[in-house]
Structure formats: C-alpha cells, structure tokens
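This is the structure:
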C-alpha cells in the first residue's frame, strides 16, 4: 500500500494528524530529499528507513518500491514540501502502482498551489497551472506569449534566482495585468502582495529578493 502524504510547505505545524499517524505506521518513507524529510521526521520523533526518490532515479527506484509493495510493505511517499505529484517525479511511481493494481491512498494536506490560490483574491473556478516555467529569458518570453490570450488565471512557481528576469518579461508583455505574488508561504518572512505587474516589478527591484515564489497572473480579461 502506497500512501501519498502531504507535508508542510514551511511551517512544521501544518502537518495533519492523519499524516503523522501514517508516517508512524509505515515500513518505509520514500522522499525526494532525505535530508529535508529527516528534519520533519526528527521534529516529530519519527524514526523510519528512508528511500531517496528524485528526478533522474525515479525509474530505477520505482521498481524497487514496487517490489517492496508487492511484498506487503506499507510505504509513505513525500516530497520536499507540500503535496507529492505537483512539479516533482511522484507521478511515475503512482502510475506504476496503478499498472500493478497496487493501492494508492492520498493523505491530503498542505500545498503551495492551493495556499496561494486561497489568498489571491481571484475567483478560483478556472485556472491553468504550469509548475516551474522555463529558465532562460528567451524561453520565458515564448512561454508567456503562448498563454497571453488565455482568459483564466495562470499559476506558476519561480526560483529566487530567476524571479527578476520573470518580472521583467511580465512587465514588458503585461504591464497592467493584475498579479498576486506569494513569497515564503507559511514561513517567518511570508509576504503576499497584489497589484499590477508594473507595480509589483517596481516593488521587488528596490530591495534584494529572497525566498520561494508562487505567482498568480490574471487572465486576459483582468
């Protein structure tokens, strides 16, 4: 039995009682980064064997996990932060479980995606999610041009190392479009700001930018 367990995105108190119960009961914990997972488990005095599962090793490691599941082992799959399967390689092992008729059980909880949407002020009835957008500036321009006619809001993640490049591209293409920027959600320096793309660009270029970002860009009609 494979449990897909959501874990906190920053604040360790944002874990559910059910998630803690599952983590205490399973035989193994499969994680994207065992160092990050060990911090969480140690915080709650949970000691379990860890199996690393990251992009690049997912195919080889999935066969090992399937074998353990077929032997009757209970396994929890977690990612670095939030809900597995969103912008990480968790989908591969889940698909293999379906192919082998093995039970997959969701243990829902924190998600940067839904946390950001809940404080966006946009009506959340229709949106497109793109995970991490292209890294290079030219590719960013091509990406945003490809979605500029969409009427639904666009949600994506961005790295602190590339956020200003993204703001510059957005400013050139959609200067008056409404955007909500969520930085360091649930952490000590959490910040949620909303305004036009031009306003947000001016704000962030005035001081050093740090943290992890979720951005919500209004659709064409906004």
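Numbering (my numbering), first residue to last: 2 to 223.
Even for Gly, the Cβ is constructed at its ideal location relative to N, Cα and C.
If you're wondering where the values come from, they're calculated on a predicted model, not measured in any experiment.
Assumed close pair residue i, residue j - CB separation to whole angstroms, cut-off 8 Å
i	j	result
residue 176	residue 156	With a Cβ gap of about 20 Å, residue 176 and residue 156 do not count as contacting.
residue 67	residue 27	Incorrect: roughly 16 Å between the Cβ atoms, too far for contact.
residue 18	residue 35	In fact, because the Cβ distance is near 24 Å, the residues do not count as touching under 8 Å.
Delimiting residues of the beta strand (DSSP E) encompassing residue i
i	result
residue 215	214-218
residue 159	154-159
residue 106	105-108
Straight-line Cα distance separating residue j from residue i
i	j	result
residue 144	residue 174	11 Å
residue 200	residue 39	40 Å
residue 126	residue 81	28 Å
residue 172	residue 14	37 Å
residue 43	residue 37	10 Å
residue 103	residue 168	44 Å
residue 202	residue 178	12 Å
residue 79	residue 210	28 Å
residue 69	residue 97	13 Å
residue 116	residue 33	21 Å
residue 187	residue 110	13 Å
residue 184	residue 41	21 Å
residue 48	residue 101	29 Å
residue 62	residue 138	34 Å
residue 223	residue 151	Because the pLDDT of residue 223 is 46, which lies under 50, any placement of that residue in the model is unreliable, and the question is left without a value.
residue 146	residue 191	30 Å
residue 99	residue 131	25 Å
residue 95	residue 142	33 Å
Check whether residue i and residue j have beta carbons under 8 Å apart
i	j	result
residue 153	residue 121	no
residue 112	residue 83	yes
residue 217	residue 170	no
residue 30	residue 24	yes
residue 65	residue 93	no
residue 105	residue 7	no
residue 165	residue 214	no
residue 87	residue 114	yes
residue 158	residue 133	yes
residue 196	residue 161	no
residue 90	residue 55	yes
Residue i, enclosing alpha helix (DSSP H) - first and last residue
i	result
residue 202	198-206
residue 148	138-148
residue 43	35-44
Buried versus exposed call for residue i [16 or more other C-beta atoms within 10 Å across all chains shown]
i	result
residue 220	buried
residue 57	exposed
residue 16	buried
residue 194	exposed
residue 208	exposed
residue 189	exposed
residue 10	buried
residue 3	buried
residue 12	exposed
Proximity test, Cβ basis, 8 Å: residue i and chain D
i	result
residue 104	Protein chains in the displayed structure number just one, and chain D is not present.
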